[in-house]
Every structure is written in C-alpha cells, then in structure tokens.
RNA sequence: GCUGGCGUAGCUCAAUUGGCAGAGCAGCUGAUUUGUAAUCAGCAGGUUAUCGGUUCGAGUCCGAUCGCCAGCUCCA
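Numbering (this note's numbering), first residue to last: 41 to 682.
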C-alpha cells in the first residue's frame, strides 16, 4: 500500500483502500450509491463524526444512517442550528448561546430583549421549514483562534466560550445558509435532512447554568428522521400529560395541597391514604421478614444532634429554621440518620449484635426553593422509608446482597423493571482513596456475584461514600429514582460509633443508608402515573363497587357488600340513578371491579362481574368464587393484565 | 430564588374594544326503578386568589403580595 492511501475497515470486516484525506462521504460512496444517499454521519474508531470529516489514517468506519440510534443526536443538533438560523433571521439582534441535542430532542439558548411568545415559536418553526427546504449544506471549517474572534465579534457568548479553548484544541465552525456557529459538530450533510421537527416550549435558562449570570431564553424542540416517530413522540407527551399525577390526584381525590397549609406540603385524602397505607403495610411486613427492626424518632430535634452529624454545617440551606424552646434551639429533622445513630448508641454494642438494621417511616422536612416544587414529586415535607444498617466491614457484602433481594421483591410488587447504577468517588470526598476503592470494589463484586448488570456513574457518589442507585422504568418508559443504597464513611466517624469486637477491642462499624421507595410522596406520585390512576386491586382505594340493577335488589346487594367488607375487601354499594350512570361513574373512578346484581343473579345467588376497562365483557359467577378471586388478587398483589 | 405564563362556582371552562359574571359536570330537592360508560325537572352555588391604584364604570388596565404552571439551578 502506498503512502498516499489508507485502509478503512468496515463493520463486516471488509477493507477498503482510499486516498488519504478521503472524506466519510467518499467512504459511503465507495461502499455503494444507496448507502451514500442514506448516510447521515459516520462512526470512526468509535467516535461519531460527520460525512465531511476526512481520514488521514487507517480507521474502523461505520456509516450511520437513519436506522442507527447514534444518528439521532446528530440530526437533533443540526435541528438546533436550523432553529438558530430561523431565530437569527426573524430576530436579527438575537445573541446565541449553546444549542445541544438532549435526550428527547434539542434546545438552543438565545439572548434577546423581548422573551419569546408561543406565536414566535410558530413563526420560527415555519421559517425553519423554509431553510430546510433550501437544503443548504452544513459546511465545516477549521479556523484559527483569531479568525474565530473575528467571525464572532458580535457574539459575546461565543467569544466567551472561545476563550476556554486550549491552545492546541482544534476550533471548528459550521455554516448552513446564512447561519454560522462555533461548533464541534457533527452535523447531517444538509438542512434538507431536517423534515420532521417541532418546537415545544420556551423557558428562561441561565447562561452556563449559573444563576449569577444573565438569563437567556431557551427554546426546546424535538426532531426525528421519520414522521411516524415524531408523531409517536408527541403522542407519548400527550399520554404523559394525561397521566399527570396532579390531574389524576384531583380527579381521583387522592391528595391536595392548600396555600394555607403551605406550598410543598401534601394533604393525603382518604383514598390516597389507603394507597400509602397498603404500601407501608406491605413494606413493613417485608422488612421485618428481612431482619429489620422498627423504630420511631422525633420530628423536631435539638440542633445539638445536627451539629454533631454535620447537617447544620453542610445541609443548612435545606433545613427549616430553628425554633427556640427554653433556651434550646430545635429543628424539624431533614434526615432520619442521626436519630437512628442515637438509638444505636443508647447501649454498648457487641459484634454479636451486628448487623443492626433499623427502619423507620420517618417524616422529614427540607426547605426547597419555591420554583422547584412539583406536585407530590418535589415537596418540602415527605416520609422516607428510611433504614440504616450498622455492621462490620466484613459484613458489608452480605448486607448488600440482602438489600438486592429486598429491592427485587419490593419492585416486583409494583411491576417496575429497573436498572442499577454504581456511583463512585466524587471530586470532593471524605475518607481515603483506598477506603473508597475498597468500598466501590465491594459493591461492584457483590453485583457481579449476583450476575446483575450495572452501569457506573463516575463521580456520582455522595461526598461521604459510594452508592447504588436503582432506576425504575415505568409503564411508558420513563426512568424514576428508585431505591438507593449508600455507604457512609462520615457519620460513624463524627458520632464516634463503636462496637466491641471478638478481640475485646473497640471498632468502628460501617453504616449503610438505604431507602426502597425513597419518599412516600414521590413514590405514590410516580405510581399514579405508572398505573395512569388504575391501581391494581391490592392498592385500589375502592376495590369493588356493588351495583343493584333496581331498587328491588338493593337489599341483596347490600348484604353482598357486607360479605365483601367482612372478608376484608374495600367494597361500596352504589344505589343511585341508572345502571349505566353508575357503571360510568365506577369506570371514571377506575374501580377495578363492578359487581352487578339483578333478578337473575339474585335468584341464582350469583354476581355479574365487570372488570374495569373490559367493557361489556362480563362474567357471571358464584358469589363465594368472586370473593375468593378478589382476595387472591389482593394476596398475590396481581397486576392488571397488560 | 430567577425568567416567562397563568389564577372566574367543588371541577372543566365562557364572558366583544373596560359596560348587568355565565354554561356543563359535581352537589341538594323532587319525579323516574332502570341489565352494563351520563334519565328528567327544579334549586342552590361567586367580595372574579388577596390588597391597593387608574376610571363615571375593572374579571378585563397598572402595582404589590400569595399560589400554580413551563423551565433554569437543586434534589428523596
């Protein structure tokens, strides 16, 4: 092979020989005209680049088309440029910030005097379509720092970014039509590739995410290769909106907030309280089976405790203010751990006592800035299903294993698949690197021993120890914060925790923090959305609604309701208006079972059972059999058939 | 906290350029007794979030406060 050629290896192992300096577009053309047309971008030695990128060395190359998931962020990033093109066209003075692709789409930040209106968005979207129709190529150019300074002389935000480049860093700019941006790329070949996009909303966003800097106006949008994908995405957004726990919470009378009570403080209505009670009962029974002991600690605690724990120092801005009582200062507790530690320390502990597993449904109060509050998902008062395990260093691995079982059993009951993340040592961390290394390895090895897949969140641990995060995946594919297991090198030290070992010496125990649901408020809020308000029977506030067909059968229906209630089933009798009206009402309130009793059922001692959402498909069965079925569903925590 | 938007009956929403606050559902009363997603009629329901201002006149315009929403920042 001559010095002026390079070797390109394709995913199928095939090798091509091309001129040095050939572009990825050339590679695609060399493979075939069909691929050349379909090509969107390319992956060179694992890095996504655009087709203009040239090859100077031998490389492994994969041409990316619409079908490759890696191509979507490229499209979206290009869509962000298209948006900026339109905004610059309609608002010539607009300053440009950053415009990256994000998980579900893209955004671009602008510095403008007048914030954008919904009408502006429509106008921008139309203008984007014009520039897309023009099919301008995305042109990449490497520039010197000086050139770049000149090109962006009128863009202070870009100039600021420019100053951050290292001396030897390659500075590239991209042009499409009239729009030039300082950008690393990659981009699709031309604006004509951008066919299916939508601008979604606008909001303020701080420049560089720094609240001390000026606020820019951000426009969010999304883009797809195929029309159907865009439609599907918009349909999902609509579906998510319909499942909104704040809307369903009101419709189903589960919870509310009240300005007089205070923002971020949840009022659990009777029906919401039943859902919570069922979860707590289930979990209480579960953890007792898993070797936990229940404790209770006070809601208002002397500041002394939080001075020792360090919360007053490190968590102060999240704590409610102090109240003075007889010269002492008290705070609503923001966390339960110090209380549990105090219980641990109430007696001398022997290695024979360990591990000590202490659990509490502990209500905590944290000051959250008003702008972040959100329904039940982000509040100022919430109840954690909190537990702390005090054990020896050697016991950590086994305790983690037990937790994995517990997590699995807990989440299975709600039908949540989950993924695991191992969060490791952050920049600012307490404890020695060796200690961290050991702890991280323990966690990783335990997961591996159980054959569990996990990803590593590098630097995502708390300053006081590494953790395992379990992410729930809900019915419409969204990820939620689930259980966490956190190792703590800090508190045992601060409180001087000790146990007496086999050697009659004092040792420092290891401490694990763990939650399963995290916060009852957030978890139930998430469950409402997961089930779209249609709780499985065991969680349903009302499990059976008994419907007599006419007044004649009311007494029989009342007796049957009593039978159900007597068996421990949450059943009510509805003897109002027409049967149709009551069926509708039960459906609207998502009651899982309707039990209809009329002449035929009264005579035969049966019941006509209609399942929520099943329409007219009903089943007539013996009453005792129905009671058994409902009890069985409750016992097994049966989920609705998908 | 910040930027923008919003706040009308229990709920969902109307109310020309500033000109008599309305409807459906829910509730109550009565009639109807119904076989699978809304029977009919009547009644009641409001200091238009709160406070102040402009105006002959404010749900509508202006200011402040409170709350909510979309984000930013932060997080269970």
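Note that CB positions come from ideal geometry on N, CA and C, so glycine has one too.
Opening and closing residue of the alpha helix (DSSP H) in which residue i lies
| i | result |
| --- | --- |
| residue 346 | 343–349 |
| residue 121 | 111–130 |
| residue 228 | Looking at the DSSP string, residue 228 is not in any alpha helix (DSSP H), and its letter there is neither H nor E. |
| residue 592 | Careful: residue 592 lies outside any alpha helix (DSSP H) and carries neither H nor E. |
| residue 216 | No alpha helix (DSSP H) holds residue 216; the beta strand (DSSP E) holding it covers 211–216. |
| residue 322 | 310–329 |
| residue 479 | 473–489 |
| residue 168 | 158–173 |
| residue 220 | Looking at the DSSP string, residue 220 is not in any alpha helix (DSSP H); the run it does join, the beta strand (DSSP E), is 219–222. |
Candidates the options, of which the one nearest residue i by Cα
| i | options | result |
| --- | --- | --- |
| residue 180 | 227, 198, 194 | 227 |
| residue 237 | 392, 120, 49 | 120 |
| residue 70 | 88, 47, 85 | 47 |
| residue 257 | 186, 279, 131 | 131 |
| residue 336 | 310, 501, 380 | 380 |
| residue 162 | 190, 127, 142 | 127 |
| residue 504 | 494, 479, 563 | 479 |
| residue 399 | 68, 308, 375 | 375 |
| residue 517 | 660, 244, 279 | 279 |
| residue 356 | 319, 408, 403 | 408 |
| residue 560 | 554, 447, 615, 403 | 403 |
| residue 311 | 611, 105, 556, 185 | 611 |
| residue 303 | 152, 277, 417 | 417 |
| residue 566 | 414, 241, 220 | 414 |
| residue 110 | 136, 142, 222 | 142 |
| residue 582 | 274, 608, 563, 562 | 608 |
| residue 354 | 468, 45, 231 | 468 |
| residue 641 | 59, 671, 658, 625 | 658 |
| residue 326 | 122, 556, 365 | 556 |
| residue 220 | 653, 125, 283, 520 | 125 |
| residue 475 | 458, 486, 506 | 506 |
| residue 194 | 536, 159, 145, 136 | 136 |
| residue 285 | 115, 169, 563 | 563 |
| residue 472 | 528, 458, 424 | 528 |
| residue 287 | 629, 636, 544 | 629 |
Distance CB(residue i)-CB(residue j) smaller than 8 Å
| i | j | result |
| --- | --- | --- |
| residue 419 | residue 568 | no |
| residue 483 | residue 512 | no |
| residue 5 | residue 299 | The structure shown does not extend to residue 5, since the chain spans only 41 to 682, so no value can be given for it. |
| residue 147 | residue 259 | yes |
| residue 79 | residue 91 | yes |
| residue 439 | residue 490 | no |
| residue 690 | residue 102 | Here the chain has residues from 41 to 682 only, and residue 690 is not among them. |
| residue 673 | residue 577 | yes |
| residue 396 | residue 552 | no |
| residue 7 | residue 349 | Within the shown structure, residues of the chain are numbered from 41 to 682, placing residue 7 beyond reach of any answer. |
| residue 261 | residue 239 | yes |
| residue 497 | residue 524 | no |
| residue 50 | residue 56 | yes |
| residue 580 | residue 632 | yes |
| residue 432 | residue 405 | no |
| residue 129 | residue 138 | no |
| residue 197 | residue 118 | no |
| residue 540 | residue 388 | yes |
| residue 372 | residue 340 | yes |
Bridge partner(s) assigned by DSSP for residue i
| i | result |
| --- | --- |
| residue 634 | 585, 650 |
| residue 388 | BP columns for residue 388 are empty, so no partner. |
| residue 511 | 459, 521 |
| residue 424 | 402, 559 |
| residue 505 | 502 |
| residue 105 | 79 |
| residue 93 | Answer is none; residue 93 lacks a bridge partner. |
Residue range of the beta strand (DSSP E) that includes residue i
| i | result |
| --- | --- |
| residue 241 | 236–246 |
| residue 45 | 45–49 |
| residue 372 | 368–372 |
| residue 289 | Careful: residue 289 lies outside any beta strand (DSSP E), inside the alpha helix (DSSP H) at 285–291. |
| residue 257 | 255–264 |
| residue 81 | 79–84 |
| residue 530 | Per DSSP, residue 530 belongs to no beta strand (DSSP E) and is neither H nor E. |
| residue 611 | 611–613 |
| residue 150 | 145–151 |
Original post:
At a cut of 8 Å, does the stretch 586–598 reach the stretch 637–654 through at least three beta carbon pairs?
Top reply: yes
**OP:** Take every Cβ of the stretch 224–240, pair it with every Cβ of the stretch 208–216, and state whether three or more of those distances are shorter than 8 Å.
**Re:** yes
Original post:
Below 8 Å, can you find three or more Cβ-Cβ pairs linking the stretch 288–299 to the stretch 560–580?
Top reply: yes
Original post:
Does the stretch 185–202 come close enough to the stretch 170–177 that 3 or more CB-CB pairs lie under 8 Å?
Top reply: no
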